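The numbers in the sequence shown follow this note's numbering, run straight up by one, and end at 364. All residues carry an ideal CB built from backbone N, CA and C; glycine is no exception. As the structure is a computational prediction, the values presented were derived from the model and not from experiment. One structure is given here, and the rest of the page talks about it.
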Amino acid sequence: MRLFPEKYGRAPLFWLIYMLVPLIALIATGGWEGGFGLLLLLVFFLMFRDMYWHPSRAFLDALGMTALLAVLLFFFHETFIYLSIYTTYSLYFIHKRWKIIVVYMLAPLLFFELYMLTLYSSRVIDFSTIVAAMILVAAIPVGIRNEVKSWNMKEQLSKANRRIEELVKQQERERIGRDLHDTVGQTLSMITLKSDIARRSLPDKIEQAEREIKEIHTISRTVLNQIREIVSDLKQLSFREELIHAEKLLREMEMEAVVDAPVPVHGLNPLYENILAYSLRESITNVIRHSFASRCTIRVEDLPEEVRMTISDDGIGFKGEAGNGLLGMEERLHMISGRMNIESAKQRGTVLVVHVPKVQK
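Here you go:
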């Protein structure tokens, strides 16, 4: 049985340190008084624990802990006021403004109780021993509220990131569906048509049937390659590995490869890194196939808001409309609010710039 929920880590256990002193003092007191004090302290601890398991009851737990602490202060030592740190910590779980104000005012009421005890009883209270408690009780709520705001912002950002990833996955599924329909679907339709022609040609037109069967064989190999390309696009790409592969591929094609890139690139989740790596792969493929260049430069800038990748060559330049590869790359970048720009001139090479935004994990 866990004392506190796992998501809070070891922080709640650290707070239990402040219970050691009153625990030791009550054990040393002994007798029915010490037993009564230990019982109150146990209930106090259970209320503190309950805040973590049931945050909606934090306000009631804070009121209950304050009442118990008032009894402990009345019957025992004034240093028990340090337990009021636990009541102020309940502000971590309370969100309504009026409840926050009420809890914040509970600690001053306990200090007022000690003041009244000095006036109307024979008990002598050394206030110098509880100055630190007064400072902590005043400062902790401010720190807690700032921590809560920071945690809420991170939680909202995390939800937004998860939503973005869900939308991107949905868009990717739709893109894959279009690819299958536009490429594999049409090719399979062609195979169906050819096989039907071949069947009708038998047994009278053997030569025509053989031609159709050969074409079916060729088309089937084409559709197999198309499926392999689509499956290859689905694999998780590592930008580091893709960068090494790109440099090696350029040199194998007897091109001078100049790489200026920080590795690893920070601030990208796996999805965004995958799209950056895919963009690099598609760009290098285009350089090798179409540029007739002798030199290719890959430069990656790790900027605060984005990762900017520039791929330039000294080839014949970009001409005509963008092919399926560039359109697919642009589509992927658009899904994550990224973009790309192409600058090219005849016989002056091509410069492609890819912008991938950073999103906190």
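Residue i in three-state terms, based on DSSP
i: Asp53; result: helix
i: Pro8; result: coil
i: Asn272; result: coil
i: Leu170; result: helix
i: Asp199; result: helix
i: Arg298; result: strand
i: Pro58; result: helix
i: Val127; result: coil
i: Val357; result: strand
i: Asp207; result: coil
i: Lys364; result: The predicted position of Lys364 is uncertain, since its pLDDT is 42 and thus under 50; no value can be drawn from it.
Element boundaries [beta strand (DSSP E), containing residue i]
i: Arg311; result: 309–316
i: Ser347; result: 342–347
i: Thr2; result: Given that the chain is displayed from residue 4 to residue 364, the structure contains no residue 2 and the question cannot be resolved.
i: Glu82; result: One point to set straight first is that residue 82 is Thr, not Glu, in the sequence displayed. No beta strand (DSSP E) holds Thr82; DSSP gives it neither H nor E.
Own chain residues within Cβ distance below 7 Å of residue i, not counting five before or after
i: Leu43; result: Leu71, Val74, Leu75
i: Ile128; result: Glu81, Leu117, Leu120, Thr121
i: Ala297; result: The sequence shown places Ser at residue 297, rather than the Ala named in the question. Only Met258, Glu259, Asp317 meet the Cβ criterion.
i: Ser198; result: Ile219
i: Arg351; result: Gly320
i: Ser286; result: Ile314, Leu355
i: Glu210; result: none
i: Glu333; result: Met343
CB-CB length for residue i against residue j, believed under 8 Å
i: Ala249; j: Leu283; result: 6 Å
i: Leu355; j: Ile345; result: 5 Å
i: Leu139; j: Ile88; result: 6 Å
i: Ser294; j: Thr353; result: 6 Å
i: Val290; j: Cys299; result: 5 Å
i: Pro8; j: Trp56; result: 6 Å
i: Asn273; j: Glu308; result: Correcting the residue identity first, residue 273 is Pro in this sequence and not Asn. Rounded, the Cβ-Cβ distance is 19 Å, inconsistent with contact.
i: Val106; j: Ser125; result: With a Cβ gap of about 32 Å, Val106 and Ser125 do not count as contacting.
Endpoints, the alpha helix (DSSP H) within which residue i is located
i: Ile30; result: 23–32
i: Ile104; result: 100–123
i: His248; result: 242–255
i: Glu260; result: The residue you asked about is not Glu; residue 260 is Ala in the sequence shown. Not the alpha helix (DSSP H): Ala260 falls in the beta strand (DSSP E), residues 259–263.
i: Leu16; result: 14–18
Chain-order list of residues whose beta-carbon lies under 6 Å from that of residue i (same chain, five-residue window excluded)
i: Val357; result: Ser282, Met312, Met343
i: Tyr85; result: Tyr21, Ala136
i: Phe96; result: Met54, Pro58, Ala61
i: Lys349; result: Gly320
i: Met50; result: Asp64, Gly67, Met68
i: Ile143; result: Thr91
i: Lys364; result: Confidence at Lys364 is low in this model, with a pLDDT of 42, below 50, so its placement is unreliable and the value that follows should be read with caution. Counting only Cβ-Cβ distances below 6 Å, and skipping sequence neighbours, we find Asn272.
i: Ser347; result: Gly320, Phe321, Thr353
Close Cβ partners of residue i (< 8 Å) along its chain, the five nearest in sequence each way excluded
i: Leu41; result: Leu26, Leu29, Ile30
i: Thr288; result: Gly328
i: Thr132; result: Glu81, Thr82
i: Ser241; result: Glu276, Ala280
i: Phe39; result: Phe78
i: Val24; result: Thr82, Tyr85
Cβ of residue i within 9 Å of any chain C Cβ
i: Met258; result: No chain C appears in this structure, which consists of one protein chain only.
- [ ] Evaluate contact between the region 297–306 and the region 243–262, counting only Cβ atoms and requiring at least three cross-stretch pairs below 8 Å.
- [x] yes
Open item on the list: Does the contact criterion of 3 or more C-beta pairs under 8 Å hold for the region 23–33 versus the region 61–71?
Closed with: no
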